[in-house]
Amino acid sequence: MSVTKKAKSNPFVDAAAGAIAGCAARFVVGPLDVIKIRFQVQLEPIAKRAAGVGPSSLTSKYTGLRQALTTIVKEEGIQGLWRGTLPGQLLTVPYTAVQFVTLQQVRYFAHQSGIADHMGGKSLSFVSGAMAGAAATIASYPFDILRTTLAAQGVPLHDGSWARCCAAAWRERPVQGPQHHLARNYTLCRSAVWLV
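Under our numbering, the residues of the sequence shown are numbered 478 to 673, in order.
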């Protein structure tokens, strides 16, 4: 199966397209992301039951989508639904920009070198997508730590700003700070690419 040669795309256009698309998508789904993170980090009833403290009928602060939505708006205002948006954008913009550029560059290289002729369309899509996802994850992972920290904590912000929150997260978890997670994700991504 012969795959036609592709024209080289402009990396700056690919990066801009990815960044704009990612930015718009992140803003629209921001409230759902905040709610998801709040559900993920609420451990009060689980920890109390495990410690044998309190009745076994303890309930979580957030029990459903609608209830979580109204609770966040009531306690933090509408802006609470976009808690961590700036770090989320700092995560999404480089992630999608790197992903778009890497995807197009890998495909271009595969076509130019003749590898695409031997792989077929589906295999090429899988490999280029895996490599693009790995590159994007490595480039944006430190921002993911910050975004999750801010979205999870609610009000008040740790020391009042996202920059101080980032510094505090680094100080409080030096062994498990961004460099540890980045190295772990790099290893996982590299392993996933080599499995292909």
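C-beta atoms are modelled at their ideal positions from N, C-alpha and C, and glycine is treated no differently. Keep in mind the model is a prediction, meaning the values are calculated, not measured.
**Q.** Contact set for residue 545: own chain, Cβ-Cβ below 8 angstroms, skip 5 residues either direction
**A.** Excluding residues within five positions, the ones whose Cβ falls inside 8 angstroms are 512, 515, 516 and 539.
Q: Count the other CB atoms, across all protein chains shown, that sit within 10 Å of the CB of residue 547; report buried if there are 16 or more and exposed otherwise.
A: Classification for residue 547: exposed.
Q | Exposure label - residue 577; buried when at least 16 CB within 10 Å | A | It counts as buried.
Q: Determine the extent of the alpha helix (DSSP H) in which residue 551 is found, giving its start and end residues.
A: That run of the alpha helix (DSSP H) goes 542 to 553.
Q) According to the neighbour-count rule (16 or more other Cβ atoms, all chains shown, within 10 Å of its Cβ), is residue 602 buried or exposed? A) Under the 10 Å beta carbon count, residue 602 is surrounded by fewer than 16 other beta carbons and is classified as exposed.
(Q) Which complete alpha helix (DSSP H) runs does the stretch 583 to 607 hold, if anything under 4 residues is left out? (A) Runs of the alpha helix (DSSP H) inside the stretch 583 to 607: 592 to 596.
Q: Measure the alpha-carbon distance for residue 555 versus residue 549 and round it to whole angstroms.
A: Cα to Cα, the separation comes out at about 8 angstroms.
Q) On the three-state DSSP scale, how would you describe residue 618? A) Residue state, collapsed to three classes: helix.
Q: With a 10 Å radius around its C-beta and 16 neighbouring C-beta atoms as the bar for buried, classify residue 581 as buried or exposed.
A: Taking every protein chain shown into account, the CB of residue 581 has 16 or more other CB atoms within 10 angstroms, so this residue is buried.
**Q.** Simplified DSSP state of residue 513, which is helix, strand or coil
**A.** Correct three-state label for residue 513: helix.
Q: Decide if the stretch 613 to 621 is in contact with the stretch 564 to 577; the criterion is three or more beta carbon pairs, one per stretch, under 8 angstroms apart.
A: For the pair of segments examined, the stretch 613 to 621 was found to touch the stretch 564 to 577: the number of CB pairs separated by less than 8 angstroms reaches three.
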